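Chains as they are written, first to last, in our numbering: chain A, 1 to 446; chain B, 1001 to 1292.
What follows is a single structure, written as C-alpha cells, with notes after it.
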Amino acid sequence: MGLFNLLFGQKGFTHGIHPPYHKDTADKPIRRLPFPPQLVLPLDQHIGKPAIPLVVKGQEVVRGEPIAKADGNFSVPLHAPATGRVAGIELMPTPKGPKTSAILIDVYEGSTQEVLWEQPRDMSELSPQEIIQAIQDSGMVGLGGAAFPSHMKLAIPDDKQVDTLIVNGCECEPYLTCDHRIMLEHPKALLRGIRYAMRATGTEKAIIGIEDNKMDAVELLKGHLSKGSPVEVKAVETKYPQGSEKMLIKSALDREVPTGGLPADVGVVVNNVGTLAGLGDLLPKGRGLIERVITVAGPGIAKPGNYLVPLGTPIRHILDHVGYEGARTEFILGGPMMGPAVSALDTPITKGTSGLLVLNEPSIEEESHKIWPCIRCARCVSACPMHLNPSMLGQLAAKRKYEEMAEDYHLTDCFECGCCSYVCPSNIPLVQYFRIAKAINREQAA
Amino acid sequence: MDIEIALNVTTAILFMGILGLLLSSMLVFANKKLWVFEDPRIDDLEGMLPATNCGACGSAGCRPFAEALISGEVTPAQCTVSNAEAIEDIADYLGVESGDVVKRVARLACAGGNHVARMRAQYNGLESCRAATVVSGGPKSCTWGCIGLSDCAEVCDFDAITMDHNGLPIVDNAKCTACGDCVDICPKDLFSIQDAAHRLWVACKNLEHGDSAENDCEVACTACERCVKDSPEGLISIQDNLAVIDYNKISLASPIATERCPTGAIVWLDETLGVIKGQQAKRIVRKEALPI
Chain A
1 MGLFNLLFGQ
11 KGFTHGIHPP
21 YHKDTADKPI
31 RRLPFPPQLV
41 LPLDQHIGKP
51 AIPLVVKGQE
61 VVRGEPIAKA
71 DGNFSVPLHA
81 PATGRVAGIE
91 LMPTPKGPKT
101 SAILIDVYEG
111 STQEVLWEQP
121 RDMSELSPQE
131 IIQAIQDSGM
141 VGLGGAAFPS
151 HMKLAIPDDK
161 QVDTLIVNGC
171 ECEPYLTCDH
181 RIMLEHPKAL
191 LRGIRYAMRA
201 TGTEKAIIGI
211 EDNKMDAVEL
221 LKGHLSKGSP
231 VEVKAVETKY
241 PQGSEKMLIK
251 SALDREVPTG
261 GLPADVGVVV
271 NNVGTLAGLG
281 DLLPKGRGLI
291 ERVITVAGPG
301 IAKPGNYLVP
311 LGTPIRHILD
321 HVGYEGARTE
331 FILGGPMMGP
341 AVSALDTPIT
351 KGTSGLLVLN
361 EPSIEEESHK
371 IWPCIRCARC
381 VSACPMHLNP
391 SMLGQLAAKR
401 KYEEMAEDYH
411 LTDCFECGCC
421 SYVCPSNIPL
431 VQYFRIAKAI
441 NREQAA
Chain B
1001 MDIEIALNVT
1011 TAILFMGILG
1021 LLLSSMLVFA
1031 NKKLWVFEDP
1041 RIDDLEGMLP
1051 ATNCGACGSA
1061 GCRPFAEALI
1071 SGEVTPAQCT
1081 VSNAEAIEDI
1091 ADYLGVESGD
1101 VVKRVARLAC
1111 AGGNHVARMR
1121 AQYNGLESCR
1131 AATVVSGGPK
1141 SCTWGCIGLS
1151 DCAEVCDFDA
1161 ITMDHNGLPI
1171 VDNAKCTACG
1181 DCVDICPKDL
1191 FSIQDAAHRL
1201 WVACKNLEHG
1211 DSAENDCEVA
1221 CTACERCVKD
1231 SPEGLISIQD
1241 NLAVIDYNKI
1251 SLASPIATER
1261 CPTGAIVWLD
1271 ETLGVIKGQQ
1281 AKRIVRKEAL
1291 PI
C-alpha cells in the first residue's frame, strides 16, 4: 500500500485493517417502518448531562414537541418522535449499561404522525452564536455513533483557530450503509448543513471525505458543487478505521492530531454526514431530532435495508418488521467492530445508534472462546492505527498494571477501534482489556 | 624481559591498590558523615508484621506502618491482617497497649445468585465482570446486580472471597482484612467496607420499584417500605426505591426490621447462624440456575 500511495500521491493513514465489508444494503433506499406501539426515550442518549423531562405521566404530546430540556450547556433537549400519550418515566435498559430513566410514549395508532411542532426560521440572518444555539435546541448529536452534542463540537474555543471543516462520509464499519444512503438521497440537505456548520465555526473550506468504495456518492456530491465552491469532495482509501476522526484528518489534510489533543488543535473540526444532513434539514424548519436512519443487516435478517425509524423504537419492533431468524442470537447496535452487543430486546434505538446487526456463527463459537498465549507476532502492532503497542499493553493489562499502561504506553490514545483484537491469531481480547483498563483508570482519577 | 614484566605487574598492583584505598576511604567517609539514624526496631517490627502491604491499616505498606507504630501514631491492633497473637507480640515488644480496633469486613450488597436473579441474555465474552459490564450492563436483568464472573475473588490477596454454586461471592469474615481491593474492582460497586458488628444489612442495589424489581430478581428490594415502618424512626429510609440503613443509628437496629420484608432483601447477619431472613420472606427452594 505504501508504494501505491507514493505512486498516486494518496496520503492516507498507515496501519489499519481490511475486514470483509458486507455493504450489501448499499443499494437499498431509505424506507420508513411502521410506528411501534410504544417508544422508549432514555434521557441520556447523548454524552453529557441527561436531559430534564418536561412532561408528566398521562400528558399528550405531538410529534416534534420538546419533551425534555437540556441540563446546562453540555446537554441537549429531547423531542417527541410521535404523537401520543406519555405512559410514564421509568427505568429502562439502554445500550450503555445500567437501566436509566426514560420517557415512555404510547403512540396513537390513528394519528397521521405529521410533525406538528416547528418554528421555521430564516437561517441567512443568524449569527454564528445563534446557529450554535439553534443546533443545541434541535437536540442534534453526532449521529455516527458517539452521540457527542453537535453544538459543543461546533463551538470552537476562543484560544483555538480552525480553518477546515471535515465532513466524515467514510462509514468504514462493515455492514453499515446509512451514511452512504443519506449522501445519495439527501445531498442538498447535506450541503446545506455543511454551509451552516461552516458559518457556525467560521471555516472557509470544507472537505467531504468518502471511502473509495462509495464512488457513486463521490460523483453525485461533486455534481452538486459549483466551480469555485469552498466544499471539496475527496475519495479516501477504503480501510478500517478510516472513519475515525484522527485517521480521516490525516488522510484528508495530512495533519496529525497531537497525543491527547483535539482536532481543533490542528485547525480542524470533523462532523459526520448524517449529522450535517440532519442539521440541513432541521434547522430551517426549526424542528428537533426525532428520527434517524439505521442500517438493519446481518445474516439473521430476512429483509435487510436502511430504515428511517423514530428514536426510541425498541429493537424487538424492528426485528418483527424486518423478519429475523431466531437462531441468530447476537444483536449489535452500530457496526460490528465498535458497536455494543445488547442484552435486552427492549433496548431502544437512540440518537447514537447507526445500525442493528444480527450476527452469530454458532459453529465457530467453541473455538472463538479459547484464548491462546501471545506469540509476539506483532500483527496487532502493525494494525494499530494509533501506532501503539497492543501486545505490550495486553501483557500489562493481564498483570493489572493499569497505571503503567496509561503512563508509559499511551493507553489514553487508544480509541477502542478493535483492530488489535481482530488481527490477533491467538484470540487475545486486547481491546476488551483496554476498555477495562481505561474504565479503571477513569475511576481511580475520579 | 623478566624485569619488565615484574615492573608492569607491580605498577598494576600498586595502581589498583591506591585506587582501592582512595575509593574505600570515600566510602568510609560517606558512611560516617552521611549515616542516618534509623530505629533498629523498625526492622524488627517489619519482620513481625505480615508483609502483605495491603494498605488496609491506612498506611502505604508494612514498613510505614512499623514507623508509625514506633512514633505512637497507630496501635498494633490497627493491622487487620495480623492475628491476635502477633498483635500481642508487637504490643509486648513495644511495651504499649495493643489497642481496640473495630473489625471491619467487606460486604456484598446483592443476594441475586443465578437461582433467583433472571438472566436476559447469555454472555459469551471475556470472563470478567468488568468486561461483561461494558456489554450493555451485563447479562442479568437486574443491571445493578452481581455478575458473578469472580473479579473480586481473583483480586483478593487473602483468599477471603470464594464463589458459591449460585455464582455469588461469599466473604470469609475471618480472612477479610478490609483492604478494599474488592470494593475497587467491582464494576457494579456492590462491595463496601462495613463494621463486622453491624447486623442489619440490605443485600440489594436494585433501583426499580415493586413488581419491576421483583421481575428482575426474586430477592430484590421492592421499596415497599415495611422495614422503614417497623424500625425506629430514621434508621431506615427509602432512597431511589431502595432501603438505605443509616449506620449512625445502628444501635437502634433489631431483627424486627427484617420480619415483614416480602422478598428477604433486608437481612440480619447473625454471628453464628449466618444470614437470617424475616418470617414473611418468600422461601427460595430452587437450587439450580434460572433459564435465560
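All C-beta atoms, glycine included, are put in the ideal place defined by N, C-alpha and C.
Just so it is clear, the structure is predicted and the values come from calculations on it, not from any experiment.
Beta carbon of residue i nearer than 9 Å to that of residue j
{"i": "Gly1137 (chain B)", "j": "Thr329 (chain A)", "result": "no"}
{"i": "His79 (chain A)", "j": "Gly64 (chain A)", "result": "yes"}
{"i": "Gly1112 (chain B)", "j": "Leu1168 (chain B)", "result": "yes"}
{"i": "Gly286 (chain A)", "j": "Asn168 (chain A)", "result": "no"}
{"i": "Cys380 (chain A)", "j": "Leu430 (chain A)", "result": "yes"}
{"i": "Thr1222 (chain B)", "j": "Ala1281 (chain B)", "result": "no"}
{"i": "Leu1290 (chain B)", "j": "His1115 (chain B)", "result": "yes"}
{"i": "Lys205 (chain A)", "j": "Thr164 (chain A)", "result": "yes"}
{"i": "Ile332 (chain A)", "j": "Ile294 (chain A)", "result": "no"}
{"i": "Ile1238 (chain B)", "j": "Glu1225 (chain B)", "result": "yes"}
{"i": "Glu211 (chain A)", "j": "Cys170 (chain A)", "result": "yes"}
{"i": "Glu256 (chain A)", "j": "Lys246 (chain A)", "result": "yes"}
{"i": "Asp137 (chain A)", "j": "Gly274 (chain A)", "result": "no"}
{"i": "Ala1077 (chain B)", "j": "Ala1178 (chain B)", "result": "no"}
{"i": "Leu190 (chain A)", "j": "Leu225 (chain A)", "result": "no"}
{"i": "Met386 (chain A)", "j": "Glu173 (chain A)", "result": "no"}
Which of helix, strand or coil DSSP assigns to residue i
{"i": "Asn441 (chain A)", "result": "helix"}
{"i": "Tyr324 (chain A)", "result": "strand"}
{"i": "Asn1173 (chain B)", "result": "coil"}
{"i": "Gln100 (chain A)", "result": "According to the sequence shown, residue 100 (chain A) is Thr rather than Gln. The answer is strand: DSSP assigns Thr100 (chain A) an E or B state."}
{"i": "Glu130 (chain A)", "result": "helix"}
{"i": "Ser363 (chain A)", "result": "With a pLDDT of only 48 at Ser363 (chain A), under 50, the local geometry of the prediction cannot be trusted, and no value is derived from it."}
{"i": "Ala1289 (chain B)", "result": "coil"}
{"i": "Gln1279 (chain B)", "result": "coil"}
{"i": "Pro390 (chain A)", "result": "helix"}
{"i": "Gln161 (chain A)", "result": "coil"}
{"i": "Cys380 (chain A)", "result": "helix"}
{"i": "Leu282 (chain A)", "result": "helix"}
{"i": "Met1016 (chain B)", "result": "helix"}
{"i": "Asn427 (chain A)", "result": "coil"}
{"i": "Ile156 (chain A)", "result": "coil"}
{"i": "His186 (chain A)", "result": "coil"}
Rounded C-alpha distance that separates residue i from residue j
{"i": "Ala82 (chain A)", "j": "Pro310 (chain A)", "result": "7 Å"}
{"i": "Val342 (chain A)", "j": "Val358 (chain A)", "result": "10 Å"}
{"i": "Arg1104 (chain B)", "j": "Ala1121 (chain B)", "result": "36 Å"}
{"i": "Ile315 (chain A)", "j": "Leu345 (chain A)", "result": "6 Å"}
{"i": "Pro120 (chain A)", "j": "Pro284 (chain A)", "result": "6 Å"}
{"i": "Gln38 (chain A)", "j": "Ile103 (chain A)", "result": "10 Å"}
{"i": "Ser101 (chain A)", "j": "Phe35 (chain A)", "result": "22 Å"}
{"i": "Glu1208 (chain B)", "j": "Glu114 (chain A)", "result": "35 Å"}
{"i": "Met1016 (chain B)", "j": "Gly1047 (chain B)", "result": "41 Å"}
{"i": "Asp1092 (chain B)", "j": "Arg1041 (chain B)", "result": "13 Å"}
{"i": "Ala1257 (chain B)", "j": "Cys1156 (chain B)", "result": "32 Å"}
{"i": "Val76 (chain A)", "j": "Tyr175 (chain A)", "result": "29 Å"}
{"i": "Phe74 (chain A)", "j": "Gly139 (chain A)", "result": "11 Å"}
{"i": "Met1 (chain A)", "j": "Pro241 (chain A)", "result": "For Met1 (chain A), the predicted structure reports a pLDDT of 45, less than 50, and the residue's modelled location is therefore unreliable. A value from the coordinates is still provided. Near 16 Å, if we compare the C-alpha coordinates of Pro241 (chain A) and Met1 (chain A)."}
{"i": "Ala146 (chain A)", "j": "Asp1181 (chain B)", "result": "32 Å"}
{"i": "Asp265 (chain A)", "j": "Lys153 (chain A)", "result": "13 Å"}
{"i": "Thr412 (chain A)", "j": "Ser1251 (chain B)", "result": "47 Å"}
{"i": "Ala1253 (chain B)", "j": "Leu1235 (chain B)", "result": "7 Å"}
Nearest candidate by alpha-carbon position, reference residue i, set the options
{"i": "Glu1233 (chain B)", "options": "B:Asp1240, B:Cys1224, B:Thr1222 and B:Ile1245", "result": "B:Ile1245"}
{"i": "Cys1146 (chain B)", "options": "B:Ala1203, B:Gly1017 and B:Glu1067", "result": "B:Ala1203"}
{"i": "Arg442 (chain A)", "options": "A:Tyr422, A:Cys417 and A:Met405", "result": "A:Met405"}
{"i": "Ile208 (chain A)", "options": "A:Thr295, A:Ala277 and A:Glu109", "result": "A:Ala277"}
{"i": "Phe375 (chain A)", "options": "A:Gly326, A:Val423, A:Lys250 and A:Asp137", "result": "The sequence as given places Ile at residue 375 (chain A); Phe does not occur at that position. The candidate whose alpha carbon is nearest that of Ile375 (chain A) is A:Val423."}
{"i": "Leu91 (chain A)", "options": "B:Cys1179, B:Ala1213 and B:Val1028", "result": "B:Ala1213"}
{"i": "Met183 (chain A)", "options": "A:Ala397, A:Pro29, A:Gln432 and A:Leu388", "result": "A:Pro29"}
{"i": "Val86 (chain A)", "options": "A:Pro66, A:Val56 and A:Glu130", "result": "A:Val56"}
{"i": "Val1219 (chain B)", "options": "B:Arg1283, B:Asp1230 and B:Thr1011", "result": "B:Arg1283"}
{"i": "Ala1197 (chain B)", "options": "B:Lys1033, B:Thr1272, B:Ile1236 and B:Cys1129", "result": "B:Thr1272"}
On the three-pair Cβ rule with 8 Å, is the region 194-211 of chain A touching the region 45-62 of chain A?
At 8 Å Cβ cutoff, the stretches do not touch.
Any contact between the region 1025-1040 of chain B and the region 1072-1082 of chain B? By contact I mean 3 or more CB pairs, one from each, below 8 Å.
No contact exists between the region 1025-1040 of chain B and the region 1072-1082 of chain B.
Using 8 Å as the Cβ pair cut-off and three pairs as the minimum, do the region 1128-1137 of chain B and the region 1083-1103 of chain B touch?
No, because fewer than three Cβ pairs between the region 1128-1137 of chain B and the region 1083-1103 of chain B fall closer than 8 Å, the two stretches do not touch.
Can you confirm whether the region 15-30 of chain A touches the region 297-311 of chain A when touching is taken to mean that 3 or more C-beta pairs between the two stretches lie within less than 8 Å?
Put simply, the region 297-311 of chain A touches the region 15-30 of chain A. At least three CB pairs are less than 8 Å apart.
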